[in-house]
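This note's numbering puts the sequence shown at residues -6 to 160.
Cβ coordinates follow ideal geometry from the N, Cα and C atoms, glycine included.
What follows is one structure encoded as structure tokens, with my remarks underneath.
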Amino acid sequence: GTNTPSVPLPSRTSALLARLHLPPNLGTLAAATYSTLYLLLSPNAAGLSATPFIMGMAAASNRLQQRYPAKKLNGVAAGLHVVSWILQFVGHGLFEGRKPALLDNLVQALFLAPLFVWYEGLFRLGFYGGLRREVESGVRAEMERIGGKGEGKGKEGEGEGEGGGSV
């Protein structure tokens, strides 16, 4: 069992999801929501490739919940979450010289920034070269417009990171 409320589903669907370690709980619902949103926003290989990754992370999380005490897992998750946010603030300050998008637009930071990071990973793997050039050009233009300090750091295309939510 999990420590999250369940959503009633037909028994066959529920049994299949349980075998895939995707029982109908809040974590699985959140993963399905992100996957659906990304497929709608990017109906291409980027959106499609994010879905197995997101659902796989949900399945791994659910599997961990079956093996370890919830208190321990929640403590580790909370610790990682806090450290990640601290590193994001530090990274934005060091490499972009400005605050992260979280402080400008919470919805964009929580839902769109992870998709942007997914695209960054695909760009680094050589996918979507034209789109990468457009995004980097837009980020440079926005950084010049707002007077950001992140220009010129690192190699071409580096230093923009998540773009700070400005693209």
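Can the beta-carbon of residue i be found closer than 8 Å to that of residue j?
i	j	result
Leu22	Leu32	no
Ala52	Leu15	yes
Met50	Ala25	no
Ala39	Leu105	no
Ser28	Met48	yes
Under a three-way DSSP split, which group does residue i fall into?
i	result
Ser35	coil
Tyr121	coil
Pro45	helix
His14	coil
Gly140	coil
Gly90	coil
Asn55	helix
Glu149	Interpretation of Glu149 is limited by its pLDDT of 42, a score under 50 that renders its predicted location unreliable; the figure taken from the coordinates is listed afterwards. DSSP places Glu149 in coil when its eight states are reduced to three.
Gly154	Confidence in Gly154 is poor, its pLDDT being 44 and thus under 50, which makes the residue's placement unreliable; the coordinate value appears in the next sentence. Gly154 falls in the coil class under three-state DSSP.
Gly(-6)	Note that Gly(-6) scores a pLDDT of 48, beneath 50, so its modelled location is shaky; the value from the coordinates is reported in the next line. Reduced to three states, the DSSP call for Gly(-6) is coil.
The ligand ZN and residue i: does any heavy atom of the ligand fall closer than 7 Å to the residue's C-beta?
i	result
Ala63	As for the ligand ZN, it is missing from this structure, which has no ligand bound.
What residue range does the alpha helix (DSSP H) around residue i cover?
i	result
Leu84	The amino acid at residue 84 is misidentified as Leu; the sequence shows Gly. Taken as a continuous stretch (DSSP letters only), the alpha helix (DSSP H) holding Gly84 covers 63 to 84.
Between residue i and the rest of its own chain, which residues show a CB-CB distance below 7 Å, the 5 nearest in sequence each way excluded?
i	result
Leu66	Leu57, Gln58
Gln81	Pro93
Leu13	Ala52
Near residue i, what residues of its chain come up, given a Cβ to Cβ distance below 6 Å and the 5 sequence neighbours on each side ignored?
i	result
Trp111	Ala43
For residue i, collect the residues of the same chain with a Cβ closer than 8 Å to its Cβ; drop the 5 residues on either side in sequence, then sort them by chain order.
i	result
Gly140	none
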